[in-house]
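Per my numbering, the sequence shown starts with residue 54, numbered consecutively. No residue lacks a Cβ here, since even glycine has one placed at the ideal position from N, Cα and C.
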Amino acid sequence: MAIDVKSITQLISEFRKLQTKDSITPESLGYILQRLADLLATAGTSETITKIQELLEGFKLAGSAVVSIKQSTPDRNHIYAHQVLLNLERGTTYDKNEIFIQQATTERAGAMRAQQVIDLNNARKAVAEIEKILEVVQAKLGLTAGNKGLYNNAQISVAVVNGQLKIYGAQQLMADGYVPYLFRLTRKRNQWGDKVALEAGASPKKYCDKRKGWNLYGSVYTVQITGTTITFSTNAKSHLSEKAIAYSPLPDTLVSHHTRKDGTPTFGWGRSSVKLIDRKSSTKKHRMIRLRFAIGFAKKIMPGRSLITTANLVSSLAEFALIYNPSKKTWHFGK
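Here it is in structure tokens:
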């Protein structure tokens, strides 16, 4: 480290000019010597000088340091960085622009290109339009906003316990506001009720098209579930679309009995009138009959609002059977 000797040189020059006798005193000489000692004490050692030189060489090797950085003007595919750099050797600053974030590809992450943003916005609009269409379809099918699929998801089952029907897996469905519907595996042909078509001059039509499969029996009022026990409306078949007067767990609640003029016992089953007597028997022996029923859950739809089919269901169909015992001439539940 260099020593500033300017003040000492000045003192020595003044000391040399002294001509008067006794003007050189031990104190004045000691003062000069003390200043020399103080300056020597501030001088760096050779080790300090070596470290300073090594530091300077390190600055030269580093080249530059970033003083500030900010986003520059981007293009459609890249993001650029505007940097202010400091040259560590010369101590001067300069500007530099370079790619800061490259565009994203299928192989690496990065900035989205302008076209990717356009495509994403178009996809969002398309999804929104599809959701609107799906909501319309769901409303027509009787599905709620919480059920986004057109297929049955919740699994339910029916078992016969001590002669009564029990249902399992339906508690959460009922808690969510869904209600049970009763279906029969029948052939059905409802009466034609399109008054608008008739008023427009269309030809009279007495019945709708034939349907064979799982057809709704009754309405939203037909089935009642208490705990796990299933009971059925005791209303007459023609009044099943009305609130039930009472509910019963008995199996013959689901069968409408008729007796023909010739004394033959029958019951209605869809479009058919089924005889309880074996036609091949000369003794009019009763025969065993097995009828297929099923229960499913869907949104509550009031009678007459729309046709309710298994497409409305948010659950599986829990099937059971109604069996006629010819020896006892009674009905009971089965699987």
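{"Asked": "What are the residues that DSSP puts in a beta bridge with ASP148?", "Found": "VAL137"}
{"Asked": "Using beta-carbon positions only, say whether LEU293 and TRP267 come within less than 9 angstroms of one another.", "Found": "no"}
{"Asked": "Hey, GLU232 and LYS388 are a contact pair by Cβ (cut 8 angstroms); roughly how many whole angstroms apart?", "Found": "For the sequence presented, residue 232 should be read as Val rather than Glu. Going by Cβ atoms, the distance from VAL232 to LYS388 rounds to 23 angstroms, so no, they are not a contact pair."}
{"Asked": "In the DSSP assignment, the alpha helix (DSSP H) including LEU226 goes from what residue to what residue?", "Found": "224-228"}
{"Asked": "I need the boundaries of the beta strand (DSSP E) containing VAL211, first residue and last residue.", "Found": "210-214"}
{"Asked": "Skipping 5 residues on each side, what residues in its chain have a beta carbon closer than 8 angstroms to that of ILE154?", "Found": "HIS131, ILE132, GLY163, ALA164"}
{"Asked": "Using only CA atoms, which one of LYS352, GLY357, ASN174 lies nearest to SER368?", "Found": "LYS352"}
{"Asked": "Do PRO302 and THR317 have their CB atoms nearer than 9 angstroms?", "Found": "no"}
{"Asked": "Have a look at SER189 and GLU182 and give me their C-alpha separation to the nearest angstrom.", "Found": "For the sequence presented, residue 189 should be read as Val rather than Ser. Their Cα atoms are separated by approximately 11 angstroms."}
{"Asked": "Would you check if the distance between the CB atom of ILE348 and the CB atom of PHE236 is smaller than 9 angstroms?", "Found": "yes"}
{"Asked": "In three-state DSSP terms, what is VAL180?", "Found": "helix"}
{"Asked": "Could you name the residues of the same chain whose beta carbon sits closer than 7 angstroms to that of THR62, not counting the 5 residues immediately before and after it, in chain order?", "Found": "none"}
{"Asked": "Near TYR221, which residues of its chain fall below 6 angstroms by C-beta distance, leaving aside the five closest residues on each side in sequence?", "Found": "SER210"}
{"Asked": "Do you know offhand how far ARG264's Cα is from GLY323's?", "Found": "10 angstroms"}
{"Asked": "Can you give the beta carbon distance from ARG340 to LEU329, rounded, assuming they're within the 8 angstroms contact cut?", "Found": "7 angstroms"}
{"Asked": "Determine the DSSP secondary structure at TYR204, reduced to helix, strand or coil.", "Found": "Confidence in TYR204 is poor, its pLDDT being 43 and thus under 50, which makes the residue's placement unreliable; the coordinate value appears in the next sentence. Residue state, collapsed to three classes: coil."}
{"Asked": "Nearest to LYS149 by alpha carbon, out of LEU366, ARG129, SER121, ARG240?", "Found": "SER121"}
{"Asked": "Using the three-state DSSP reduction, which class does ARG345 fall into: helix, strand or coil?", "Found": "strand"}
{"Asked": "Please work out which residues of its chain come closer than 6 angstroms, Cβ to Cβ, to SER326, disregarding the five sequence neighbours upstream and downstream, and give them in chain order.", "Found": "THR319"}
{"Asked": "Which of the three DSSP states, helix, strand or coil, is assigned to GLU160?", "Found": "coil"}
{"Asked": "Would you please state the rounded distance, in angstroms, between the beta carbons of PHE386 and GLY216? I believe it to be under 8 angstroms.", "Found": "7 angstroms"}
{"Asked": "Can you tell me where the beta strand (DSSP E) holding VAL273 begins and where it ends?", "Found": "No beta strand (DSSP E) contains VAL273, which DSSP labels as neither H nor E."}
{"Asked": "In chain order, what residues of the same chain have a beta carbon less than 7 angstroms from the beta carbon of SER309, not counting five sequence neighbours either side?", "Found": "LYS290, PHE320, GLY321"}
{"Asked": "Does any residue of chain D have a CB that is nearer than 9 angstroms to the CB of THR336?", "Found": "Absent from the structure is chain D; it holds one protein chain and no more."}
{"Asked": "Please go through the stretch 294-350 and give each complete beta strand (DSSP E) segment of 3 or more residues, from N-terminal end onward.", "Found": "310-312, 318-322, 325-328"}
{"Asked": "With distance defined between alpha-carbon atoms, name the residue in ILE152, ALA228, GLN106, THR279 nearest to LYS219.", "Found": "THR279"}
{"Asked": "Which one or two residues does DSSP pair with VAL189 in a beta bridge?", "Found": "Answer is none; VAL189 lacks a bridge partner."}
{"Asked": "Can you tell me whether LEU86 is buried or exposed, with buried defined as 16 or more other CB within 10 angstroms of its CB?", "Found": "exposed"}
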